[in-house]
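Q:
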Amino acid sequence: MKFSRLIRLLVLRTIREEKLLTCLSVVGVALGVGLFVGVRLASDRAISSFEADIRGVNPRSSHEIRHTAGIDFSEEVYVPVRSRESDSFPVIKTTGYLSGSQEAIEVVGIYTVSMIPFLGAKGGKRFNMEDYFREPNGVLVTRTFASRHNTRKGGTLEASIYEKVYRLKVADILDSDLVPPDAAIMDIGNFQEYFDRAGYLTRIDLATDEEGARDIEKILPPHLSLQEKEKVIENQRGVVASFRYNLLFVSLIAVLVGIFLLYNTVFVSVVKRRTEIGVLRGLGIGRKTVMALFTIQGLILGLGGSLIGIVLGQLFAYFSVAAVERTMSTMYGGVSLAGFLLTGKDALGALIVGGAVSLAASLIPSYESSKIRPNETVWEGSLEVRYRGYQRTFSLAGSLCILGGAFLCYLDYGKPPFDFPYLAYAGILFFILGFTLISPLYLRAALRMAKPAVSRVFKGTGKLAVGGIGGGIFRFSVALMSVAISSALVFALVTSIFSLRSSLHAWIDRNITADVYIKPKSCVSNYCFFPLSADVERKVKSYPEVAGMDRFRVLNVDLFGKKVVAGFGETGTLRRFGDRKYFGEGDRKRLERLEREKEVSISDFLSVRYGLEKGDVLELHTPRGKERFTINNTFISYSTTSGFIYLDRRWLRELWGMDDATQVSLYLREGEDVSSFVGKLKKDLLADYSLEIMNNRELRERILSIFNRSFTITYAIEFIAILVSLIGMVNALLILVLEKKREFSIVRYLGGTLSQIRDMIVLSAGIVGIAGIFLGTIMGPVISMVIIHVINRLSFGWEVSFKIPLLPLSALTVVLFLTSLAAGYLPSRVARKVDPKAYISFE
Amino acid sequence: MIQLAGIEKSYGDNRVLCGLDLAVTAGTFVSIMGSSGSGKSTLLNLVGGIDRPDRGRIIVNGEEITGYSEGQLTLYRRKRVGYVFQFFNLLPNLTAYENVEMPLLLNGAKGYEERVTAQLNSVGLGGKEDAYPHELSGGEQQRVAICRALIHDPDVILADEPTGNLDSRIGRHIMELLEGIAEGRGKTVILVTHDVVVAGYGTRILRIKDGTIGQ
Chain A
13 MKFSRLIRLL VLRTIREEKL LTCLSVVGVA LGVGLFVGVR LASDRAISSF
63 EADIRGVNPR SSHEIRHTAG IDFSEEVYVP VRSRESDSFP VIKTTGYLSG
113 SQEAIEVVGI YTVSMIPFLG AKGGKRFNME DYFREPNGVL VTRTFASRHN
163 TRKGGTLEAS IYEKVYRLKV ADILDSDLVP PDAAIMDIGN FQEYFDRAGY
213 LTRIDLATDE EGARDIEKIL PPHLSLQEKE KVIENQRGVV ASFRYNLLFV
263 SLIAVLVGIF LLYNTVFVSV VKRRTEIGVL RGLGIGRKTV MALFTIQGLI
313 LGLGGSLIGI VLGQLFAYFS VAAVERTMST MYGGVSLAGF LLTGKDALGA
363 LIVGGAVSLA ASLIPSYESS KIRPNETVWE GSLEVRYRGY QRTFSLAGSL
413 CILGGAFLCY LDYGKPPFDF PYLAYAGILF FILGFTLISP LYLRAALRMA
463 KPAVSRVFKG TGKLAVGGIG GGIFRFSVAL MSVAISSALV FALVTSIFSL
513 RSSLHAWIDR NITADVYIKP KSCVSNYCFF PLSADVERKV KSYPEVAGMD
563 RFRVLNVDLF GKKVVAGFGE TGTLRRFGDR KYFGEGDRKR LERLEREKEV
613 SISDFLSVRY GLEKGDVLEL HTPRGKERFT INNTFISYST TSGFIYLDRR
663 WLRELWGMDD ATQVSLYLRE GEDVSSFVGK LKKDLLADYS LEIMNNRELR
713 ERILSIFNRS FTITYAIEFI AILVSLIGMV NALLILVLEK KREFSIVRYL
763 GGTLSQIRDM IVLSAGIVGI AGIFLGTIMG PVISMVIIHV INRLSFGWEV
813 SFKIPLLPLS ALTVVLFLTS LAAGYLPSRV ARKVDPKAYI SFE
Chain B
19 MIQLAGIEKS YGDNRVLCGL DLAVTAGTFV SIMGSSGSGK STLLNLVGGI
69 DRPDRGRIIV NGEEITGYSE GQLTLYRRKR VGYVFQFFNL LPNLTAYENV
119 EMPLLLNGAK GYEERVTAQL NSVGLGGKED AYPHELSGGE QQRVAICRAL
169 IHDPDVILAD EPTGNLDSRI GRHIMELLEG IAEGRGKTVI LVTHDVVVAG
219 YGTRILRIKD GTIGQ
């Protein structure tokens, strides 16, 4: 048997004949795959960027020495380290922000002489050493960097670095793959001198083995730690994993809707070609061949969609990279994602997703096709009749899936077995599967309820519409589910975002209580480790308008083998000047104890992740050794996703031996005008320093704008979900038209008008649309509750109060309903073109 | 030689064939008549390996096909049976040529292009190779179906009301074609019909009544 010719005649010919259906399926899959690819690329680039930064320029480096608190350390330790391991490379680095584009730039100071072989790695090109060493601000940048920031050899870059604005001169362009693409390389001597960081290092890279590492570890002071690079990378992956997987999961739902589309198309092809399959079986074609042919049809559509999805993915990636870069910079520290171009690996990934999707979508209809017996020639409705017999089984299985989903979510809520909410995600998929299996029963019940009213209002057209849907319950259930899933996704996201925003407002009211906030402009993340200079602090404190100043410092601390942010504040100042409206007597007493006793407050994340509770004892590693603190309180923190510990500054001085601040909050004297004071501060300080000076309102607005920015991708996903559901609806109605051509012809022969047929189709769209949206309103809040109380809590440790945004949801329901009605337009145009003679008269 | 012995077949509570016996010598043209629902098409489906009897044996050229597996029956239909239907059952997206070549394609035949064209020419469809079913008249479609039934040189041609959907002039032409096939090529033709005139083309006419055969 020439299988290729069979494919050409029986598969490709069908695809060609069913252009519109083919196009709709392909576009649906393309949108889903495109979104998935775009989001995946952006989050992968973020990981690569973090990895490139950790790996450094020297590919041989296997270990690194860093300060346990995440800050720079004295270079004195370098000499003894080098005496034990000659392959050691000191590095000092910082993140800055380019003045024009506001994009992140990593300025990396390296010991150039030992790194020369790696800098000209591609083609061994020699770079302009003279300018690089002679100019104190000379930097080397990669070609990617130069092209992205539109600079060239000899050009200058202006950036906020530490707490000042600096100019960097591009000494040469590098072609090395080993240099992180967003980095500007400086000689370590120039770096320390130019940025006034003499005597400091950020890390020491080492190329050593385990024995060498153990040997070096012995000479390190307790505040420095030596770690394998691979382990550091693994930890970093873990830190951003929640953000990454949550995005991927949401985009996967769009792929899921694509599966429904494809399933519908292949399913309809099987139903439509039932006679044809019967004839082929009669001619001697085997079951497996029939199944293979329909699977191939699904695969061709899926892979076609994936190919277009790759192009769309490239487009989505362009926007996703920017959105992910901003969000990650805020949450996890400055990151610049180099490049948004898809690689061959990304494209292959898209094809694999598309292939898997099409296989999953076409397997059931293909199996169905293989069950068609050679003597089956009556095709209309016979499959529906057979499925009707399974309805109870489907409904029972659906109920079990929903219960199973609830159980999985409950497991992750109560005692999560993993760090990541895998069970809750599986639970959501079980919910969707359960509702899908129940949907035929649901649609049948909905039709039974709607029939009297629809028949009364729309007369014959209404009866035909209800009858049409009733005759194809299983196919319309698929359309219904594509609307229901999209609606549920939109409702769930809107509800989750609304709830989070409401909780964030409450959090802002409780925590943003000072009048003025000051931090280095180069710090766009929620927390930075570089301190404000003593000069800035002194000047600020000297203003007579200032009644109190809360000097705040963050450091990293190790807790259960993970890096956690520790914030040291002046609890006394907070207790005296913090907003009385939100501080009750209990709060004040807690703050008092924090100030006087050896106590800490921890964020909910630590409570959820490690089961820590009020009264428990927490052991922290400090430069003075292990210290035990009693947990005084747990609180909500939306500023980190890896846990936060609040301590009084006293412990910073006593245990860490430090007394600087990374940001300060000012409380002004009663009656002082905040705006004019901020104006005065800016005038006095910004001439010499690059600082972010905000009043209370500006900071609140900044937080909300970061929040909105973080959900840019989510809004895009919502839009695409609505689009895919629209396509799903058009697809289902088009199928109705294709199947009912003969019925439409009879209606025309009986005197029915074209507008009546159009009304019937639009009415069908409306009925399925309303039923789907209603199911979505049930599924959406359920999914939203899982997102808020399980996924969000376990991923980010954020406690959020569940709130339903009635007005936005009502507006969205109307938009979705109108979208469903609009979906009836295209099929009704196709129905107009049906020639009654062709379907009624027979020779 | 086709032999059916003690064939019984029911669909639910409806007993269609009750202990039917029949023997058809190779190369004969047998017409089977009967009223609607008498079991004519069921009998044809059983001989064609499309359906299985509840009881009884069907032996074709010495081989009992009732014991065949699904795969063996598929091969049997592919190689040894040619079917002609009342509603032609051509594949709508394939041209006349492609419809006729389908059995050869399924049998893995090679170099059959001239054979297909010659087959179409022999029924007066030369020049219509690229026409799709909807571009052909009913008579032409049935002739394509006959070509498809013959192209792989099967032992037996089964025709289910082949003229039921055609006017009398074209129906006559189709019957002469089938008659020629039986006489000229020595094929066994089993035709079921309720039309006396059409049945008259057979060398042997049988009546099916109450689930059994009578002469």
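Heads up: the sequence lines are chains A and B, in that order.
The first sequence maps to residues 13 to 855 in this note's numbering.
The second sequence maps to residues 19 to 233 in this note's numbering.
We put the beta carbon where it would ideally sit given N, CA and C, even for glycine.
(1) Report buried or exposed for A:Phe572, applying the criterion of at least 16 other Cβ atoms within 10 angstroms of its Cβ.
(2) Going by alpha carbons, who is nearest to A:Pro452 out of A:Ile648, A:Ala491, A:Ile173?
(3) Per the contact definition of three or more C-beta pairs closer than 8 Å, is the segment 215-225 of chain B in contact with the segment 180-196 of chain B?
(4) Taking the continuous alpha helix (DSSP H) assigned at A:Thr831, which residues delimit it?
(5) Taking the alpha carbon of A:Lys753 as the reference point, which residue from A:Ala823, A:Asp672, A:Arg841, A:Arg385 has its own alpha carbon closest?
(6) Do A:Ile530 and A:Ser688 have their beta-carbon atoms positioned less than 9 Å apart in this structure?
(7) Out of A:Gly167, A:Tyr90, A:Leu292, point me to the one whose CA is closest to A:Leu18's CA.
(8) For B:Gly66, which residues in the same chain have their Cβ closer than 7 Å to its Cβ, ignoring the five residues on either side in sequence?
(9) So for B:Ala41, helix, strand or coil by DSSP?
(10) If we define contact as Cβ-Cβ less than 9 Å, is A:Glu288 a contact residue for chain B?
(11) By how many angstroms is the C-alpha of A:Cys535 removed from the C-alpha of A:Val251?
(12) B:Leu93 touches chain A at which residues, Cβ-Cβ below 9 Å?
(13) For A:Met303, which residues of its own chain have a beta-carbon under 8 Å away from its beta-carbon, when the five flanking residues on both sides are left out?
(14) Would a check of beta-carbon distances place A:Leu292 closer than 9 Å to chain B?
(15) Leaving out the 5 sequence neighbours to the left and right, which residues in its chain are closer than 6 Å to A:Val846 when beta-carbon positions are compared?
(16) Is there contact between the segment 464-482 of chain A and the segment 771-785 of chain A, where contact requires at least three CB pairs shorter than 8 Å?
(17) Applying a beta-carbon distance threshold of less than 7 Å, which residues of chain B neighbour A:Leu18?
(18) Between the beta-carbon of A:Leu819 and the beta-carbon of A:Leu746, is there less than 9 Å?
(19) May I have the straight-line CA-CA distance separating B:Glu119 from A:Ile27, to the nearest angstrom?
(20) DSSP three-state call for A:Val390: helix, strand or coil?
(21) Give the residues of chain A in contact with B:Asn6, contact being defined as C-beta atoms less than 7 Å apart.
(22) For A:Pro464 and chain B, any beta-carbon pair shorter than 9 Å?
(23) From the DSSP output, read off the bridge partner residues of A:Lys815.
(24) Look at the Cβ atom of A:Gly439, then the Cβ atom of A:Ala409, and state whether they are nearer than 9 Å.
(25) Could you check whether the Cβ of A:Lys14 sits closer than 9 Å to any Cβ belonging to chain B?
(26) Check whether the segment 494-506 of chain A touches the segment 787-795 of chain A, counting contact only when three or more Cβ pairs, one atom from each stretch, lie closer than 8 Å.
(27) Between which residues of its own chain and A:Arg681 is the CB-CB distance below 7 Å, once the five residues before and five after are set aside?
(28) Can you pull the chain B residues whose beta carbon is under 7 Å from the beta carbon of A:Leu21, in chain order?
(29) What residues from chain A crowd round B:Gly89, counting only those whose CB sits closer than 8 Å?
(30) What does DSSP give as the partner residues of A:Gly579 in its beta bridges?
(31) Counting only beta-carbon atoms, is B:Lys27 nearer than 9 Å to chain A?
(32) State yes or no: is the C-beta of A:Ile643 within less than 9 Å of the C-beta of A:Val577?
(33) For B:Thr113, collect the residues of the same chain with a Cβ closer than 7 Å to its Cβ; drop the 5 residues on either side in sequence, then sort them by chain order.
(34) From the DSSP output, in three-state form, read off A:Gln248 for me.
(35) Considering only C-alpha positions, which residue in the set A:Arg608, A:Thr634, A:Leu828 is nearest to A:Ser237?
(36) Report the three-state DSSP secondary structure of A:Glu855 (helix, strand or coil).
A: Taking the coordinates as given:
(1) Position 560 of the first sequence, counted from the start, is the residue given in the question as residue 572 of chain A. When all chains shown are included, A:Phe572 counts as exposed.
(2) In the first sequence, the residue the question calls residue 452 of chain A occupies position 440. The option with the nearest alpha carbon to A:Pro452 is A:Ala491.
(3) yes
(4) The residue you call residue 831 of chain A lines up with position 819 of the first sequence. 818-835 is the span of the alpha helix (DSSP H), which, as asked, contains A:Thr831.
(5) By 1-based counting over the first sequence, the position of residue 753 of chain A is 741. Cα-wise, what sits closest to A:Lys753 is A:Arg841.
(6) Here residue 688 of chain A corresponds to residue number 676 of the first sequence, with the count starting at 1. Here residue 530 of chain A corresponds to residue number 518 of the first sequence, with the count starting at 1. Cβ atoms of A:Ser688 and A:Ile530: not closer than 9 Å.
(7) Locating residue 18 of chain A in the first sequence gives position 6, counting from the first residue. The shortest C-alpha separation from A:Leu18 is found at A:Leu292.
(8) The residue given as residue 66 of chain B occupies position 48 in the second sequence. Taken in chain order, the residues that qualify are Arg95, Val99, Tyr101, Leu176.
(9) Taking the first residue of the second sequence as 1, we reach residue 41 of chain B at position 23. For B:Ala41, the three-state secondary structure derived from DSSP is strand.
(10) Along the first sequence, one-based indexing puts residue 288 of chain A at 276. Taking Cβ atoms only, chain B reaches closer than 9 Å to A:Glu288, which makes this a yes.
(11) As a working note, residue 251 of chain A is residue 239 in the first sequence. As a working note, residue 535 of chain A is residue 523 in the first sequence. Taking the straight line from one Cα to the other gives about 19 Å.
(12) Counted from its first residue, the second sequence places residue 93 of chain B at position 75. Under the 9 Å cutoff, chain A gives Gly296, Gly298.
(13) The residue labelled residue 303 of chain A in the question sits at position 291 within the first sequence. If we look at A:Met303 and ignore the five residues flanking it on each side, its Cβ neighbours are Ser378, Tyr379, Ser381, Ser382.
(14) Here residue 292 of chain A refers to the residue found at position 280 of the first sequence. So yes, A:Leu292 belongs to the interface.
(15) Along the first sequence, one-based indexing puts residue 846 of chain A at 834. Here the set comprises Lys753, Phe756.
(16) yes
(17) In the first sequence, residue 18 of chain A corresponds to position 6, counting from 1. Leu123, listed in chain order.
(18) The residue you call residue 819 of chain A lines up with position 807 of the first sequence. The residue you call residue 746 of chain A lines up with position 734 of the first sequence. Contact: no.
(19) Residue numbering aside, residue 119 of chain B sits at position 101 when the second sequence is read from its first letter. Residue numbering aside, residue 27 of chain A sits at position 15 when the first sequence is read from its first letter. Each residue's Cα considered, the two are about 21 Å apart.
(20) In the first sequence, the residue the question calls residue 390 of chain A occupies position 378. Note on A:Val390: pLDDT 40, under 50, position unreliable in the model; the coordinate value appears next. A:Val390: coil per DSSP, three-state reduction.
(21) There is simply no residue 6 of chain B to check, as chain B begins at 19 and stops at 233 in what is shown.
(22) In the first sequence, the residue the question calls residue 464 of chain A occupies position 452. No, A:Pro464 lies away from the interface with chain B (no Cβ there is under 9 Å from its Cβ).
(23) As a position in the first sequence, residue 815 of chain A is number 803, starting the count at 1. A:Lys815 pairs with nothing; no bridge assigned.
(24) Position 427 of the first sequence, counting from 1, holds the residue named residue 439 of chain A. Position 397 of the first sequence, counting from 1, holds the residue named residue 409 of chain A. Not in contact: A:Gly439 and A:Ala409 (Cβ atoms no closer than 9 Å).
(25) The residue labelled residue 14 of chain A in the question sits at position 2 within the first sequence. Yes, A:Lys14 lies at the interface with chain B (some Cβ there is under 9 Å from its Cβ).
(26) The segment 494-506 of chain A, when compared against the segment 787-795 of chain A, does touch it at the 8 Å Cβ threshold.
(27) To locate residue 681 of chain A, count along the first sequence from 1; it is residue 669. Around A:Arg681: Glu557, Ala559.
(28) Walking along the first sequence from the start, residue 21 of chain A turns up at place 9. Result: Leu112, Glu116.
(29) As a first step, residue 89 of chain B is located in the second sequence; it is residue number 71 there, counting from the start. Here the neighbours are Gly298.
(30) Reading the first sequence from its first residue, position 567 is the one you call residue 579 of chain A. A:Val566, A:Tyr658, per the DSSP bridge assignment.
(31) The residue given as residue 27 of chain B occupies position 9 in the second sequence. With its beta carbon at least 9 Å from every one in chain A, B:Lys27 lies outside the interface.
(32) What you label residue 643 of chain A is simply residue 631 of the first sequence in a count that begins at 1. What you label residue 577 of chain A is simply residue 565 of the first sequence in a count that begins at 1. Contact: no.
(33) Numbered from its first residue, the second sequence carries residue 113 of chain B at position 95. The answer, listed in chain order, is Glu147, Asp148, Ala149, Tyr150.
(34) In the first sequence, the residue the question calls residue 248 of chain A occupies position 236. The answer is helix: DSSP assigns A:Gln248 an H, G or I state.
(35) Counted from its first residue, the first sequence places residue 237 of chain A at position 225. Per the Cα distances, A:Thr634.
(36) One-based indexing of the first sequence puts residue 855 of chain A at position 843. Its pLDDT being 35, under 50, A:Glu855 is placed unreliably in this model, and the coordinates cannot settle the point.
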